[in-house]
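Sequence order for the protein chains is A and B. Taken in order, the first sequence gives residues 424 to 537; the numbers are from the numbering used here. Taken in order, the second sequence gives residues 4 to 117; the numbers are from the numbering used here. For each residue, glycine too, the CB sits at the ideal point set by N, CA and C. Down below is the structure, laid out as structure tokens.
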Amino acid sequence: DTAVSQTPKYLVTQMGNDKSIKCEQNLGHDTMYWYKQDSKKFLKIMFSYNNKELIINETVPNRFSPKSPDKAHLNLHINSLELGDSAVYFCASSQVGGSSDTQYFGPGTRLTVL
Amino acid sequence: QQQVKQSPQSLIVQKGGISIINCAYENTAFDYFPWYQQFPGKGPALLIAIRPDVSEKKEGRFTISFNKSAKQFSLHIMDSQPGDSATYFCAARGTGAGSYQLTFGKGTKLSVIP
């Protein structure tokens, strides 16, 4: 059983399009995250979300928006895609305040904007 | 601004040697310091973590050394193996609003050569 899953694994699209990446976790965690990993492998938090608050990294363009239909899902919507959005996007989850602080990452979605 | 500085950017070690990766942080409120390991095409996975009330933590061949006064921590990989070849990220967790977010270092690409 995959703990944190993402779809699709690869996404190739044209500039200006709108796309979504889905994330699901079956760990029962209360907090989910989206990270962006650029070509230099730098991991940067974009959002963290639990049922109490959404924390948005101030550098994330408002073209990016997280949507959580329920506790186990946190999808990422991207509007008006730009070349600079090309990266690998990772979803992660954790149980805040639990016995373990571990964040579990999904396998990533490689987004290529042409 | 919360930052974690990681060095070196890349590291080549002979099989059986010791790999050492260093990190330094600025925010004295950080209270949890994990190391993540990432293989190509995969998401990062927790390797080992330490809290600031101890100076060292060892798990198998992996050891974290923590110097609270210097605001530095390091990962030591003893008897390095080719299977350890991966990118390693140090991270730190803050306090306050959104405290469960991790701030990552820029990563170290480790290559262990036979």
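8 Å Cβ cutoff, residue i in contact with chain B
i	result
A:LYS445	no
A:ILE501	no
A:ASP465	According to the sequence shown, residue 465 of chain A is Phe rather than Asp. Answer yes: the Cβ-Cβ gap between A:PHE465 and chain B drops below 8 Å somewhere.
Closest residue to residue i among the options (Cα-Cα distance)
i	options	result
B:GLN75	B:TYR28, B:LEU105, B:ASP82	B:TYR28
B:SER114	B:GLN6, B:VAL7, B:LYS8, B:GLN12	B:GLN12
A:MET438	A:SER509, A:GLU505, A:CYS514	A:GLU505
A:HIS500	A:TYR433, A:ILE444, A:ASN480	A:ILE444
A:LYS490	A:ALA426, A:LEU537, A:THR454, A:PHE528	A:THR454
A:ALA528	B:GLN40, B:GLY20, B:ALA48	According to the sequence shown, residue 528 of chain A is Phe rather than Ala. Looking at the Cα atoms, B:ALA48 is the closest of the given residues.
A:ASN474	A:GLY451, A:GLN460, A:SER462	A:GLY451
B:PRO43	B:LYS112, B:ILE116, B:LYS61	B:LYS112
B:ALA52	B:GLY63, B:LYS45, B:TYR39, B:ARG64	B:TYR39
Reduced DSSP secondary structure (H/G/I, E/B, other) of residue i
i	result
A:ASP493	strand
B:GLN4	The pLDDT assigned to B:GLN4 is 49, lower than 50, so where the model puts this residue is not dependable, and the model offers no usable value.
B:PRO85	helix
A:LEU477	strand
A:LEU506	helix
A:GLN448	strand
B:ARG96	strand
B:VAL115	strand
A:THR436	strand
A:THR482	coil
B:TYR35	strand
Cβ of residue i within 8 Å of any chain A Cβ
i	result
B:LYS60	no
B:ALA89	no
B:LYS8	no
B:PRO47	yes
B:GLY63	no
B:LEU113	no
B:TYR28	no
B:GLY97	no
B:GLY110	yes
B:GLN84	no
B:GLN104	yes
B:GLN92	Before going further, note that residue 92 of chain B is Phe rather than Gln in the sequence given. Interface residue, yes.
C-alpha distance - residue i paired with residue j, whole-angstrom precision
i	j	result
A:SER465	B:SER10	Note on residue identity: the sequence assigns Phe, not Ser, to residue 465 of chain A. Answer to the nearest angstrom: the Cα atoms are 13 Å apart.
B:GLY97	B:VAL7	11 Å
B:ILE15	A:TYR512	27 Å
B:ALA89	A:VAL519	28 Å
A:PRO484	B:LEU50	32 Å
A:ILE478	A:THR430	23 Å
A:SER503	A:ASN480	19 Å
B:TYR35	B:ASN25	16 Å
A:ASP508	A:ASN440	12 Å
B:ILE67	A:ASP524	17 Å
B:PRO55	B:PHE69	7 Å
A:LEU534	A:ALA510	5 Å
B:GLY108	A:THR436	30 Å
A:TYR456	B:ILE21	33 Å
A:LEU537	A:TYR433	13 Å
B:ALA73	B:ASN30	12 Å
> In chain order, what residues of the region 471-484 of chain A put their CB closer than 9 Å to some CB of chain B?
Replying inline: SER471, ASN473, GLU476, ILE478, ASN480
> Relative to chain B, which residues along the region 522-535 of chain A have a C-beta separation below 7 Å, given in chain order?
Replying inline: ASP524, THR525, GLN526, PHE528, GLY529, PRO530, GLY531
> Given a limit of 7 Å on CB to CB distance, which residues of the region 507-520 of chain A reach chain B?
Replying inline: PHE513, SER517, VAL519
> According to a CB-to-CB cut-off of less than 7 Å, which residues of the region 432-461 of chain A neighbour chain B?
Replying inline: THR454
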